[in-house]
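*Asks:*
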Amino acid sequence: MKRFNVMILLTALLLLLAGCGAKNGSASAGAGLSSDFFTKKIEGEITISAYDSMLYRGYLEEAAKLFEAQYPGTKVNIETFSAMPEVRGAEQGNMRMTLVQGQNDPQAKSDYLSRVNTNIMSGTGADLYAVDVIPLHKFTESGTLENLQPLMDADPLFNRGDYRGNILDALQYRGGTWFLPMDYSFNYFAYDATLVSDQMAAGFGTDKVWNTDELFRIGMPLYTGEYKLFNALDFARGPGTMFTQLLGENMASFVNLETGRANFLDGAFSALLTSITRYTEYGYIPRGVTGQQNAAQVMQAGMSAPTDRYYFKVNSNASLITQFSRGTGRMMRVQTSMAARAIDDDDEIAGIQANADGSVPFTFSQGFGINSRSKNKETAWAFLRFLLSGEMQLSTNLIAMGLPMNNAARAEKAELNFSGAFMGGGVSLNDQQRQALAQYMEAMETLSDSINSFVVQDTSLNDMIAQEVQYFFGGSRTADEVARVLQNKADLYLSE
4 MKRFNVMILL
14 TALLLLLAGC
24 GAKNGSASAG
34 AGLSSDFFTK
44 KIEGEITISA
54 YDSMLYRGYL
64 EEAAKLFEAQ
74 YPGTKVNIET
84 FSAMPEVRGA
94 EQGNMRMTLV
104 QGQNDPQAKS
114 DYLSRVNTNI
124 MSGTGADLYA
134 VDVIPLHKFT
144 ESGTLENLQP
154 LMDADPLFNR
164 GDYRGNILDA
174 LQYRGGTWFL
184 PMDYSFNYFA
194 YDATLVSDQM
204 AAGFGTDKVW
214 NTDELFRIGM
224 PLYTGEYKLF
234 NALDFARGPG
244 TMFTQLLGEN
254 MASFVNLETG
264 RANFLDGAFS
274 ALLTSITRYT
284 EYGYIPRGVT
294 GQQNAAQVMQ
304 AGMSAPTDRY
314 YFKVNSNASL
324 ITQFSRGTGR
334 MMRVQTSMAA
344 RAIDDDDEIA
354 GIQANADGSV
364 PFTFSQGFGI
374 NSRSKNKETA
384 WAFLRFLLSG
394 EMQLSTNLIA
404 MGLPMNNAAR
414 AEKAELNFSG
424 AFMGGGVSLN
434 DQQRQALAQY
444 MEAMETLSDS
454 INSFVVQDTS
464 LNDMIAQEVQ
474 YFFGGSRTAD
484 EVARVLQNKA
494 DLYLSE
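With positions in the sequence shown counted from 1, the corresponding number in our numbering is that position plus 3.
#1: Just to confirm my understanding: we take G47, look at its own chain, exclude 5 residues before and 5 after, and list those with CB closer than 7 Å. What are they?
#2: One question on the structure: do M408 and I170 come within less than 8 Å of each other, judged by their Cβ atoms?
#3: In chain order, what residues of the same chain have a beta carbon less than 7 Å from the beta carbon of G393, not counting five sequence neighbours either side?
#4: Could you check whether the stretch 240-260 touches the stretch 114-127, counting it as contact only if at least three pairs of C-beta atoms, one from each stretch, sit closer than 8 Å?
#5: Look up G146 in the DSSP assignment and say whether it is helix, strand or coil.
#6: Buried or exposed: where does N420 fall if 16 or more other Cβ atoms within 10 Å of its Cβ makes it buried?
#7: CB-CB under 7 Å to D494, same chain, minus the five flanking residues each way: which ones, in chain order?
#8: Kindly identify the DSSP beta-bridge partner or partners of L131.
#9: Measuring only the C-alpha atoms, how far is A239 from F365?
#10: Can you list, in chain order, the residues of its chain whose CB lies under 6 Å from that of T331, leaving out five sequence neighbours each side?
#11: Flag this pair as yes or no: are the beta carbons of F219 and E351 separated by less than 8 Å?
#12: So, with DSSP's three-state summary, where would you put P500?
#13: With burial defined as no fewer than 16 other Cβ atoms inside 10 Å of the residue's Cβ, what is the status of N162: buried or exposed?
#14: For T197, does the three-state DSSP call read helix, strand or coil?
#15: Can you have a look at E82 and say buried or exposed, based on whether 16 or more other CB atoms are within 10 angstroms of its CB?
#16: Output yes or no for whether 8 Å exceeds the beta carbon distance between D195 and Y313.
#17: Under the assumption that L523 contacts S188 (Cβ atoms under 8 Å), give the Cβ distance between them as a whole number of angstroms.
#18: Hey, A486 and F267: beta-carbon distance below 8 Å or not?
#19: Does the beta carbon of T83 sit closer than 8 Å to a beta carbon anywhere in chain D?
#20: Is the beta carbon of Q368 sitting closer than 8 Å to the one on I402?
#21: DSSP state of N259, grouped into three classes?
#22: State whether the stretch 437-457 contacts the stretch 474-481, with contact taken as three or more CB pairs (one from each stretch) at a distance under 8 Å.
#23: Does DSSP put L406 in a helix, a strand or coil?
#24: Tell me which same chain residues have a C-beta within less than 6 Å of the C-beta of F389, skipping the five on either side of it?
#25: Assuming Q356 is part of the beta strand (DSSP E), what are its boundary residues?
#26: Here's a check: name, in chain order, each residue in its chain whose Cβ is nearer than 6 Å to the Cβ of A359, leaving out the five neighbours to either side.
#27: Quick one: Cα of P289 to Cα of P309, how far?
#28: Looking at the unbroken beta strand (DSSP E) that takes in K316, where does it start and where does it end?
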């Protein structure tokens with residue numbers, strides 16, 4: 004039997020973001036390109052800044068070395084600031100597991116953003132910024148980020164057809180494109196074919212779109228108490244719980260970053276919290292934990308064989324490889340959320356996860372924008388374009404769970420992942436495995452076709468919400484009390 008690869012990523016990134024200065028808008032930034040912008044020699048020095056050392060440093064250092072070799076006379080400086088997280092490994096039989104525990108330090112992130120803001124205002128900021136931490140809505144409103152749309156439209160070396168076009172379309176915000184992701188990810192729903200009738204299953208598929216409430220409405224009439232409806236925990240310290248699932252799908256109802264308004268008092272947020280409590284009491288979902296779990300206990304639980312079935316599960320796109328490699332002798336199990344361990348041998352695809360309004364979002368692990376005050380935008384843009392090349396999109400330093408934006412790289416990476424060659428080793432695929440690879444590619448691309456939105460969020464607000472709702476799930480505050488506190492805090496923050 005081949006080795007199983009088990010990876011549980013339990014990093015809960017509660018990021019504290021600082022604001023930015025003037026509110027003058029910047030939809031026209033980037034429009035005034037010089038006539039020789041794309042013919043100038045690529046040379047000079049640029050700096051790229053990111054908070055997350057583990058996520059970015061290895062990838063950027065590799066890219067800088069290759070870029071400098073391709074363009075003699077250039078120098079790329081890399082700044083990262085976070086401490087490296089603790090990584091633990093364990094093996095049991097034919098299984099290997101890696102647990103990554105993030106070093107969450109909101110104050111350090113706040114200090115980083117204060118430094119970024121100070122440097123930008125003084126004209127000494129970096130040329131490019133990783134945009135996973137910075138408040139995108141504030142940086143676009145203030146004119147800090149360059150509008151990349153004119154660059155993409157005018158650059159003869161940037162071929163839009165080389166990348167996922169619907170992802171590029173979804174990036175439009177405030178009349179422009181302010182960053183480019185290196186990868187994209189999405190969630191999809193799976194159903195247990197042993198619990199769902201053939202008639203119901205006929206309504207599911209890779210071309211279908213669902214949100215959580217819709218699947219609850221489908222599943223509730225089937226519930227007998229023997230099997231739970233979803234394997235997502237009600238609340239825990241980590242992503243992928245029922246709370247984070249429903250919050251993400253309904254975030255637009257609670258916070259409008261473009262208008263700077265929050266809405267936690269009309270009853271919808273309180274209803275969301277109480278509905279999760281009812282789902283737990285009725286037995287629809289498993290109960291979570293409010294305390295930090297011991298890493299050894301997490302790893303031990305991850306090694307144990309699942310014993311329960313659930314009607315529905317929400318999975319990341321990385322789980323598709325698990326699904327399509329079943330029975331091929333090549334299998335990688337990936338769990339990236341705080342969910343109860345579940346039997347998945349009979350899982351089939353119900354459809355991609357949508358927001359409550361029907362829009363289908365994506366997320367990314369790495370993305371970069373250009374400082375509108377950069378003194379060397381030509382080289383900054385050339386470097387950003389280089390990061391999207393097939394060579395860099397296939398770097399093992401680019402997080403493995405994301406799907407490359409580059410179309411050719413995405414197809415090649417799929418085969419490398421299936422064979423095991425992407426992370427070293429690997430074998431030649433036999434006919435059965437190649438058929439499974441083709442089925443995986445078809446499903447992944449069909450699911451990706453439905454993506455049409457990107458939800459701009461402020462992780463300072465996300466941090467506020469996570470901090471306050473734990474009092475509700477811990478039993479010390481009512482849903483209405485939490486909603487009132489959040490409204491006051493959000494109003495104060497958004498008015499800054």
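Glycine included, each C-beta is placed from N, C-alpha and C at the ideal position.
*Replies:* In this structure, then:
#1: Numbered from 1 along the sequence shown, position 44 holds the residue referred to as residue 47. Within the same chain, and ignoring the five residues on either side of G47 in sequence, the residues whose Cβ sits closer than 7 Å to its Cβ are T77, N379, T382.
#2: Within the sequence shown, the letter at position 405 stands for residue 408. Within the sequence shown, the letter at position 167 stands for residue 170. Cβ distance < 8 Å, so M408 and I170 count as in contact.
#3: The residue labelled residue 393 in the question sits at position 390 within the sequence shown. Answer for G393: N409, A411, A412, listed in chain order.
#4: no
#5: Counting from 1 along the sequence shown, the entry for residue 146 is found at position 143. Note: G146 maps to coil in three-state DSSP.
#6: Numbered from its first residue, the sequence shown carries residue 420 at position 417. By the neighbour-count rule (16 or more Cβ atoms within 10 Å), N420 is buried.
#7: Position 491 of the sequence shown, counting from 1, holds the residue named residue 494. Closer than 7 Å at the Cβ level, and outside the excluded window around D494, lie A265.
#8: Sequence index remark: in the sequence shown, residue 131 carries index 128 (1-based). Answer is I51, I373.
#9: To locate residue 239, count along the sequence shown from 1; it is residue 236. To locate residue 365, count along the sequence shown from 1; it is residue 362. Near 23 Å, if we compare the C-alpha coordinates of F365 and A239.
#10: Within the sequence shown, residue 331 is the residue found at index 328, counting from 1. So the list reads Q435, Q436, A439, once near-sequence residues are dropped.
#11: Counting from 1 along the sequence shown, the entry for residue 219 is found at position 216. Counting from 1 along the sequence shown, the entry for residue 351 is found at position 348. Contact flag unset, no.
#12: Nothing about residue 500 can be reported from this structure: the residues present for the chain run from 4 to 499 only.
#13: One-based indexing of the sequence shown puts residue 162 at position 159. Under this definition N162 is an exposed residue.
#14: As a first step, residue 197 is located in the sequence shown; it is residue number 194 there, counting from the start. Three-state result, T197: coil.
#15: Here residue 82 refers to the residue found at position 79 when the sequence shown is read from its first residue. Buried is the call here.
#16: Along the sequence shown, one-based indexing puts residue 195 at 192. Along the sequence shown, one-based indexing puts residue 313 at 310. For D195 and Y313, yes; Cβs fall inside 8 Å.
#17: Because the chain here runs from 4 to 499, residue 523 falls outside it and cannot be looked at.
#18: By 1-based counting over the sequence shown, the position of residue 486 is 483. By 1-based counting over the sequence shown, the position of residue 267 is 264. In contact: A486 and F267 (Cβ atoms closer than 8 Å).
#19: Protein chain content of the structure displayed is limited to a single chain, and chain D is not contained in it.
#20: Counting from 1 along the sequence shown, the entry for residue 368 is found at position 365. Counting from 1 along the sequence shown, the entry for residue 402 is found at position 399. In the sequence as displayed, the identity of residue 368 is Ser instead of Gln. Cβ distance < 8 Å, so S368 and I402 count as in contact.
#21: Numbered from its first residue, the sequence shown carries residue 259 at position 256. In the structure shown, N259 sits in a strand (DSSP, three-state: E or B).
#22: Counting C-beta pairs with one atom in each stretch, the stretch 437-457 and the stretch 474-481 have fewer than three that are closer than 8 Å, which means they do not touch.
#23: By 1-based counting over the sequence shown, the position of residue 406 is 403. In the structure shown, L406 falls within a strand segment according to DSSP collapsed to helix, strand and coil.
#24: Taking the first residue of the sequence shown as 1, we reach residue 389 at position 386. So the qualifying residues of the chain are F70.
#25: As a working mapping, residue 356 is identified with position 353 in the sequence shown. First-last of the beta strand (DSSP E) with Q356: 350-356.
#26: For the purposes of this step, residue 359 is identified with residue 356 of the sequence shown, where counting begins at 1. Answer for A359: N214, E252, N253, listed in chain order.
#27: Taking the sequence shown and counting its residues from 1, one reaches residue 289 at position 286. Taking the sequence shown and counting its residues from 1, one reaches residue 309 at position 306. Going by C-alpha positions, P289 is about 14 Å away from P309.
#28: Residue 316 sits at position 313 when you count from the first residue of the sequence shown. K316: member of the beta strand (DSSP E) spanning 313-319, first to last residue.
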